[in-house]
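Sequential numbering from 1 applies to the sequence shown in the working numbering. Note that the Cβ used here is the ideal one computed from N, Cα and C, for glycine as well. Structure first, commentary second.
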Amino acid sequence: MKQFCPAGPYSPIFAENYSHLVNHTSDHSHSTPAAGHLRDRLTAAGLRATQQRLLILESLLLLPGHPTAEQVHRRVTEQTPSLSLGTVYKTLDAFVAAGLTKRVASAEGSSRRYDADCTEHHHLFCTDTQEIIDYCDPQLDELIREFFATKGLGNFQPSSFSLHVTGSKTAPMSPASKSGK
């Protein structure tokens with residue numbers, strides 16, 4: 001069954017994979033990743049848990065969708081105004097190299113986008129809105145696995161895959177259009 005699986009702290013993917021990272025305040029109006037869990041993730045990835053990295057990782061996890069480095073920078077400078085955009089880019093690149101996040105393709109010439117959700121899923125890129133939508137479809141995944149199993153790639157065995165589909169959103173069909181009336 002296919003499903004849209006929006007990224008971010010309130011998505012099903014986040015809840016399933018990262019809910020243990022979130023502290024809920026007593027009034028439940030705001031959730032933030034627990035610093036200890038963020039520290040553990042950084043050290044498990046072979047990175048030192050500096051204050052800057054903790055702040056950038058927290059921001060990446062809490063920002064909706066697939067944020068740019070500029071969006072992460074805006075958020076972190078609310079707490080640490082002296083943190084440079086260059087530091088944010090370098091830190092995000094270190095996170096990508098360590099497997100903590102993925103860089104997501106977007107429009108050519110636009111800012112790099114990042115995905116804190118490293119589970120297997122696909123991306124739909126809307127050329128009109130520049131929106132990147134997470135997309136999950138086990139049937140599609142199985143079709144791709146079967147294709148490569150039967151096709152064979154010589155001495156190459158795929159271990160994971162992620163599709164990036166570019167297009168534009170269409171207006172939903174009205175009930176009358178669906179029934180042919």
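Top-ranked residue by Cα proximity to residue i, from the options
i, options, result
"Gly86", "Glu142, Thr101, Gly99 and Thr68", "Thr68"
"Phe95", "Asp134, Glu131, Pro138 and Gly46", "Gly46"
"Thr77", "Arg112, Ala98, Gly99 and Gln51", "Gln51"
DSSP three-state assignment for residue i, whether helix, strand or coil
i, result
"His121", "coil"
"Asp40", "helix"
"His66", "coil"
"Thr150", "helix"
"Asp137", "coil"
"Lys102", "strand"
"Ser111", "coil"
"Gly86", "helix"
"Thr129", "coil"
"Thr77", "coil"
"Thr91", "helix"
"Asn23", "In this prediction, Asn23 scores a pLDDT of 38, lower than 50, which makes its location untrustworthy; the coordinate-derived value is nonetheless stated afterwards. If DSSP states are grouped into helix, strand and coil, Asn23 belongs with the strands."
Span separating the alpha-carbon of residue i from that of residue j
i, j, result
"Arg39", "Leu57", "10 angstroms"
"Ile144", "His164", "14 angstroms"
"Leu153", "Ser106", "28 angstroms"
"Pro138", "Phe147", "14 angstroms"
"Pro81", "Gly99", "27 angstroms"
"His37", "Asp117", "16 angstroms"
"Ala35", "Ala49", "10 angstroms"
"Ala44", "Phe156", "29 angstroms"
"Ala97", "Leu124", "23 angstroms"
"Lys90", "Thr170", "37 angstroms"
"Lys151", "Ser111", "36 angstroms"
"Val88", "Asp141", "33 angstroms"
"Pro172", "Ala149", "36 angstroms"
Rounded distance between the beta-carbons of residue j and residue i, thought under 8 angstroms
i, j, result
"Thr101", "Asp115", "6 angstroms"
"His122", "Ser84", "Not really, about 33 angstroms apart at Cβ, beyond 8 angstroms."
"Leu104", "His66", "Position check: residue 104 holds Val in this sequence, whereas Leu was assumed. Sure, about 5 angstroms apart at Cβ, within 8 angstroms."
"Gln79", "Leu55", "6 angstroms"
"Leu63", "Arg75", "6 angstroms"
"Cys126", "Gly167", "7 angstroms"
"Arg53", "Leu60", "No, Arg53 and Leu60 are not in contact; Cβ-Cβ is about 10 angstroms, not under 8 angstroms."
"Glu120", "Ser159", "That belief does not hold up - the Cβ atoms of Glu120 and Ser159 are roughly 10 angstroms apart, past 8 angstroms."
"Arg113", "Ile133", "Not a contact, Cβ separation roughly 12 angstroms."
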